[in-house]
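Take 1 as the starting number for the sequence shown in full-length UniProt numbering and just add one per residue.
Here a beta-carbon is modelled for each residue, glycine too, at the ideal position from N, C-alpha and C.
Note that the structure is a prediction, hence the values are computed from the model and not measured.
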Amino acid sequence: MAGFLSVICMRDGPMLSHLFSATSVLYLLWIIMAQVAGQEDREKTTALKDLLSRIDLDELMKKDEPPFSFPKTLEEFEYAFNENGQLRHIQTGEPFVFNAREDLHRWNQKRYEALGEIITKYVYELLEKKCNLTKAFLPVDATDDEPRSFIYLSTDALTNPNKLLVLIQGSGVVRAGQWARRLIINQDLDSGTQIPFIMKAMEEDYGVMVLNPNENYLEVEKPAKDSPINSPAEPSEEPAEKRERKDEQESKKKREFYEKYRNPQKETETERIPIRENTSSEEHVLYVWDHFVSKAAAKNVFIIAHSYGGLSFVELMNQREMQVKNRVCAVALTDSAHNIWHQETSKGTQDWMQQCCCNWVSSPEPLDTQLEPMLPDCPRVSAGTERHELTSWMSFESIFRFFNEVLKTKEEEEAEENANVVTTRSGSLKNKHQDL
């Protein structure tokens, strides 16, 4: 083979020489092009890795997200409550649709929250106009420049000599007058608000207090932060103008590359200023007891507490046990979140709760069916629903029937005691008269 090649080279030497040299040039050119392409790929890979290290999946999902600019009123949302208290679209008559825009869950959630804030103000208007309640601000000695909360009172809340009803909702976004925002938006006002309870109580001559245990802080926008001052760069041998143009081009190139992958919605940063002595549901209930309930004229106080509101009530008992026992006639809990062991209640509190409390819990059993007790505190009965947020509304009639029965029993016992006292006194006077 080698001899064959040597013969060819001797015969066609000049032509092969040119062929080999051209092939070598093409080969070198191919290597150079591959290296350049590889360098570009490496740069892109490095940039992509840098991108992925800076963002997460949530950020990627924000691409092309519409602005968080939503209507400020129900009318602007094109929704209204009909004669049955149901939220319906003004034009189509359809219920509220959460997924207004597909594949934009965060935007849909923000829209839902914006509607929820409008619902809160709408319920406040109903409390004031339909139920004729007035606001009482907390703390009672708040200065003009500190954040405040408030509760709602009926006109006779502090002066009614006989009965007072106190309403405490659960935790979360709900405010005074609400049991569950979800029910207000997706079902109706009766099931989601406390208004039926307030109206029923007024019909039966109760004074009413509507607590606001989730209004614990004032949320304000954070002031804009000043941009940090960059440290001086190391001196360069390049002319200043050339260096600035180069830096500007590099920044533009990176910015354009990143913007292909992310276009995040910038949310306003806020900070929370706590409301004095009302920074939690437990604090709020204790504060309202000390400054309002304990000073009310009613000799029979009744309490309805839903979910976390039940925990806040039990914490009130831990702090004011004897006061509660002396003033509270009966307590209706609905799917209460309390736990007498974790909250370390006394034996006296547990015994009192067995006599004066009833907890309507979510259950598939029919309404008012007796259920096995989980802890030695208060009787548990079915609310007639498995939905936690519906337990208050489903127990509505049963709760007032329970209150009336407890009050009737108490009045009969008091009447019997008074009769015994009168009999004893008359007998004593008769004996004294005979002695004389």
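Restricting attention to Ala330, Cys358 and Gln343, the CA atom closest to the CA of Lys410 is found in Ala330. Following the DSSP letters along the chain, one finds Cys356 inside the alpha helix (DSSP H) bounded by residues Lys347 to Cys356. With contacts defined as CB atoms closer than 8 Å, Asn212 and Arg175 qualify as a contacting pair.
The three-state reading of DSSP puts Arg148 in coil, since its state is none of H, G, I, E or B. Within the segment 132 to 205, the complete alpha helix (DSSP H) segments at least 4 residues long are 181 to 186, 189 to 192 and 195 to 203, listed from N- to C-terminus. Taking Val328 as the centre and dropping the five residues before and after it, the same chain places the C-beta of Val301, Phe302, Ile303 and Cys356 closer than 8 Å to its C-beta, in chain order. Distances from the CA of Val288 to each of Trp341, Leu311, Val140 and Tyr124 were compared; the closest alpha carbon is that of Val140.
Bounds of the alpha helix (DSSP H) holding Phe313 are Tyr308 to Gln319.
Non-local C-beta neighbours of Arg111 in its own chain, meaning closer than 7 Å and more than five positions away in sequence, comprise Phe70 and Ala100, ordered along the chain.
The count of Cβ pairs closer than 8 Å, one atom from the segment 67 to 82 and one from the segment 115 to 128, reaches three, so the stretches are in contact. Put simply, the backbone Cα of Leu183 is about 17 Å away from that of Tyr308.
The continuous alpha helix (DSSP H) containing Val285 extends over residues Ser281 to His291. A distance of 8 Å or more separates the beta carbons of Ser346 and Glu372. By the CB criterion at 8 Å, Met209 and Ile151 fall inside the cutoff. Boundaries cannot be given for His338, as no beta strand (DSSP E) includes it and DSSP labels it neither H nor E. Assignment of Gln91 by DSSP, reduced to helix, strand and coil, places it in the coil class. For the pair Glu269 and Glu277, the CB atoms are not nearer than the 8 Å cut-off.
Burial is judged here by how many other beta carbons sit within 10 angstroms of a residue's own beta carbon; Gln319 has fewer than 16 and is exposed. Cβ atoms of Ala383 and Val361 come within 8 Å of each other, at about 6 Å. DSSP lists Leu333 and Arg380 as the bridge partner or partners of Asn359. The beta-carbon separation of Val123 and Gln178, rounded to 6 Å, stays under the 8 Å limit for a contact. Around the C-beta of Val220, fewer than 16 other C-beta atoms lie within 10 Å, and the residue is accordingly described as exposed. Inclusion of Ile185 and Phe96 in the CB contact set at 8 Å is warranted, their separation being smaller than that value. Measuring C-alpha to C-alpha distances from Asp290 to each of Thr279, Gln323 and Ala305 identifies Gln323 as the nearest. Residue pairing by DSSP puts Ala305 in a beta bridge opposite Ile168 and Leu333. Secondary structure of Gly116 (DSSP, three-state): helix. Counting along the chain, Thr270 sits inside the beta strand (DSSP E) bounded by residues Thr270 to Pro274.
Between Gln343 and Asp377, the C-beta spacing is not below 8 Å. DSSP lists no bridge partner for Val406.
Nearest to Lys299 by alpha-carbon distance, out of Glu315, Asn326, Phe313 and Ser395, is Asn326. The Cβ atoms of Ala296 and Leu165 lie no closer than 8 Å to each other. Here Asn216 carries a coil assignment [DSSP, helix/strand/coil]. Separation of the CB atoms of Met374 and Thr385 is rounded to 18 Å, and the pair is thereby denied contact status at 8 Å. By the neighbour-count definition (other C-beta atoms within 10 Å, threshold 16), Gly207 is a buried residue.
With distances taken between CA atoms, Lys135 lies nearest to Leu153 out of Phe197, Leu153 and Pro379. For the options Gly172, Asp156, Asn214 and Ile168, the alpha carbon positioned closest to that of Glu203 is the one of Asp156.
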